[in-house]
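Here's the structure, in structure tokens; my notes come after.
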Amino acid sequence: MPEHRRAAERSGLRYPSDLNDAEWALVAPLIPPSKRGGRPRSVNVREVLNAVFYVLWTGCQWKALPKDFPPKSTVYDYLDLWEWDGTLERLHHALYVQERERQGREASPTVAIIDSQTARGASKGGPRSTRRAMMPAKRRRAASAIFWSTRSASC
């Protein structure tokens, strides 16, 4: 097991979530180049990816992203773009396969277990009942007519 501890050691990095050089070499070719035309890309894409991993690792809020990362709006915009164009899925697959091979396992799992006891469907009529609670109450004409008739009788 000492070889696993050495492989998982992340002490030389600024944050434990940062990519080491080997991981960066694996994922760098998967990140699309900047768009043609306009200003050239000025942000360090490795730092953007490190910031995304930091948020995922720590679960912190975007506004709590440390100042040594690019601005949170830039990081979020790249995350949104990469999710839209499929880059995140390619990055995840590459890192997943590398980790399985490092552990001496096959690149793709051969067995999957689905537990149907924990997979619950939506309850019948669920959205309607919550929507009714959010709508203002409707006034009924009959109630207001009774009110006015009793008021005029008492005057």
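In our numbering, the protein residues as written are 4 to 158.
Note that the Cβ used here is the ideal one computed from N, Cα and C, for glycine as well.
Keep in mind the model is a prediction, meaning the values are calculated, not measured.
Here's the rule I'm using: 16 or more other beta-carbon atoms within 10 Å means buried, otherwise exposed. How should Asp21 be labelled? Buried, since its Cβ has 16 or more Cβ neighbours within 10 Å.
Measure the alpha-carbon distance for Val78 versus Glu102 and round it to whole angstroms. Between the C-alpha atoms of Val78 and Glu102 there is a straight-line separation of about 25 angstroms.
N- and C-terminal bounds of the alpha helix (DSSP H) containing Leu68: Here Leu68 belongs to no alpha helix (DSSP H), and DSSP marks it neither H nor E.
Quick check on DSSP: helix, strand or coil for Leu16? In this structure, DSSP gives Leu16 a state outside helix and strand, which the three-state scheme calls coil.
Secondary structure of Pro35, DSSP reduced to three states: Correct three-state label for Pro35: coil.
Using the Cβ count rule (16 or more neighbours within 10 Å means buried), how would you classify Ser132? Bear in mind that a pLDDT of 46 at Ser132, under 50, signals an unreliable position, so the model cannot answer this.
Separation of Ala97 from Ser45, as counted between CA atoms: Rounded to whole angstroms, the separation of the alpha carbons of Ala97 and Ser45 is 26 angstroms.
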